[in-house]
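Structure, as structure tokens:
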Amino acid sequence: MSASPTIVVAAGGTGGHMFPALAVAAELRERGCRVVILTDRRGARYVGTDGPDGWECRIVEAASPSGSLLQKLKGTWRLMRGARQARRLWSEVRPDAAATFGGYASVPAALAAALTRTPLLVHEQNAVFGRANRMIAKVARIVALSFAQTRAAPKGDRVRVTGNPVRPGFGRPTSLEPKTGFGLLVLGGSQGARVFSDVLPAAIALLPDALRQRLRLQQQCRPEDLERVRAAYAQMGFAAELAAFFNDVPARMAGADMLLCRSGASTVAELLMLGKPAILIPYPFAADNHQDANAVELERAEAALRLPQSEATPERLAEMLAMLIAQPLRLDAMRRASAGIAWTDAAARLADAVLAGVAEPAIRSSSAPTIRNSHS
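Our numbering applies: residue 17 is where the sequence shown begins, and numbers increase by one.
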């Protein structure tokens with residue numbers, strides 16, 4: 017391995033792909049690597065390129081080759097154009113290895129890696145192996161999973177479980193305020209979550225007075241829902257902190273006793289990092305229903321309760337809230353379960369795997385780790 021290897025880290029689209037990619041990129045840069053971020057225009061919004069700590073970032077064309085015939089043709093053409101752009105980048109920077117983290121911007125990087133025989137790692141954040149990653153896995157030397165029981169994932173010696181890194185700088189934040197009452201934090205996720213605005217006020221109205229008086233609520237709402245949710249709480253004389261966006265989410269998560277949220281990959285990784293119990297209402301229209309699969313994994317570990325959106329009535333949510341608020345021992349057990357399945361060193365494990373590919377271009381199956389169900 018060269019003294020200062022060059023690594024291409026590719027991801028696209030959403031924070032669910034970009035946050036772990038940037039976490040691993042930061043770990044690699046900390047180890048002295050030159051890191052080049054390859055992404056699409058949507059992913060570039062997450063990449064800081066200014067100042068001495070800015071990232072070296074390149075943008076490629078990318079799109080899903082699915083949908084109508086016209087959409088398939090357009091998507092395929094954009095991926096082919098992205099592959100040519102990635103190939104030019106490969107010729108320029110001559111990477112020693114590459115790592116992809118999902119989203120269709122990863123596909124051009126994988127094609128360039130395959131054409132140049134560059135060691136390639138592909139990482140899946142969700143409990144369902146994504147469509148783009150299924151293509152990439154065919155040419156990847158290492159397949160890294162966030163969950164041991166990932167649906168549709170490849171099998172064999174090249175597969176290992178690393179967990180999912182949280183966003184750079186997340187760490188283990190401390191609460192902004194001393195705790196009073198029972199803190200419930202409601203986060204809607206990048207897709208928004210009108211269901212919380214529709215169901216939660218009515219659920220809180222159904223709680224016994226003693227429990228409702230203990231509740232300290234912080235709720236993220238869509239901007240168009242703020243006034244009606246505020247009016248609903250005011251009508252029942254209930255004080256809540258509402259906002260369309262919280263710019264201090266890590267600190268609020270650290271200070272909460274429990275969360276009500278979606279179950280995207282980044283949210284799940286952060287819940288586990290902090291050891292926070294949660295009621296999860298998966299986004300029902302996520303690709304391959306991956307949010308439900310993520311929630312099932314936490315439910316199986318007894319770290320969270322899963323409530324399908326189709327079953328999210330005020331009565332059912334009130335029942336779940338009342339049960340957990342009134343049972344501190346149950347919450348403590350959920351906290352321990354959540355912390356117990358967290359991979360707090362996921363970024364370091366992934367960086368180790370990437371650099372192993374640089375050090376040993378032909379990884380032997382006899383020495384490659386296999387899927388594990390527990391931490392080592």
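Idealized CB from N, CA, C, for every residue including glycine. Bear in mind the structure is a predicted one, so any value in this text is a computation, not a measurement.
- For Val155, the secondary structure class from DSSP, reduced to helix, strand or coil, is coil.
- Around Leu242, the same chain offers Leu258, Ala260 as residues with beta carbons nearer than 7 angstroms, after the five sequence neighbours per side are excluded.
- Contact check for Gly356 and Ala113: beta-carbon distance about 32 angstroms, past the 8 angstroms limit, so the pair fails to qualify.
- Counting other Cβ atoms within 10 Å of its Cβ, Pro344 stays below 16 and is therefore classed as exposed.
- The alpha-carbon separation between Ala129 and Gln141 amounts to approximately 21 angstroms.
- The region 299–310 and the region 271–288 touch, with no fewer than 3 CB-CB distances between them shorter than 8 angstroms.
- Per the DSSP secondary-structure output, Ile357 pairs with nothing in a beta bridge.
- Ranked by how close their Cα comes to the Cα of Gly146, the residues Gly118, Ser122, Tyr62 have Gly118 in first place.
- Judged by DSSP in its simplified three-state form, Met274 adopts strand.
- The residue among Arg61, Ala19, Ala39, Ile23 with its C-alpha nearest the C-alpha of Thr30 is Arg61.
- Closest in C-alpha terms to Met151, from the list Ala143, Ala168, Ser162, Ala164, comes Ala168.
- Residue pairing of Gln236 in beta bridges, as defined by DSSP: Ala259.
- Look at Glu318 here: in three-state DSSP terms it is coil, with no helix or strand label.
- The C-alpha of Gln236 is placed about 14 angstroms away from the C-alpha of Ala272.
- Met252 counts as exposed, since fewer than 16 other beta carbons sit within 10 angstroms of its beta carbon.
- Beta-bridge partners of Ala114 (DSSP): Val24, Leu136.
- In this structure Val182 is in contact with Met289, their Cβ atoms being roughly 5 angstroms apart against a cut-off of 8 angstroms.
- If you look at Gly31, you'll find it in the alpha helix (DSSP H) that goes 31–46.
- Counting along the chain, Ala372 sits inside no beta strand (DSSP E); it lies in the alpha helix (DSSP H) bounded by residues 362–375.
- Our two residues, Gly28 and Ala367, have alpha carbons roughly 19 angstroms apart in a direct line.
- Contact between Ser82 and Cys49 does not hold, since the beta-carbon distance rounds to 34 angstroms and is not under 8 angstroms.
- Here Leu137 really is in contact with Ala156; their C-beta atoms are around 6 angstroms apart, less than 8 angstroms.
- The residues Leu258, in chain order, have a CB closer than 7 angstroms to that of Arg246 in the same chain once the five nearest residues on each side in sequence are set aside.
- The alpha helix (DSSP H) runs lying completely inside the region 320–352 and spanning 4 residues or more are 330–341, given in chain order.
- Within a 10 Å sphere around the beta-carbon of Leu131 sit fewer than 16 other beta-carbons, which makes this residue exposed.
- Nearest to Pro124 by C-alpha distance, out of Pro135, His139, Val109, Leu105, is Leu105.
- Judged by DSSP in its simplified three-state form, Ala169 adopts coil rather than helix or strand.
- Taking C-beta atoms under 8 angstroms as the contact rule, Met274 and Leu347 qualify, at a distance of about 7 angstroms.
- The C-beta separation of Gln234 from Arg268 comes to about 6 angstroms, placing the pair in contact by the 8 angstroms criterion.
- The secondary-structure analysis by DSSP pairs Phe198 across a beta bridge with Leu231.
- Look at Ala311 here: in three-state DSSP terms it is helix.
- As a beta-bridge residue in DSSP terms, Arg50 pairs with Thr22.
- A Cβ-Cβ contact shorter than 9 angstroms links Pro330 with Ala219.
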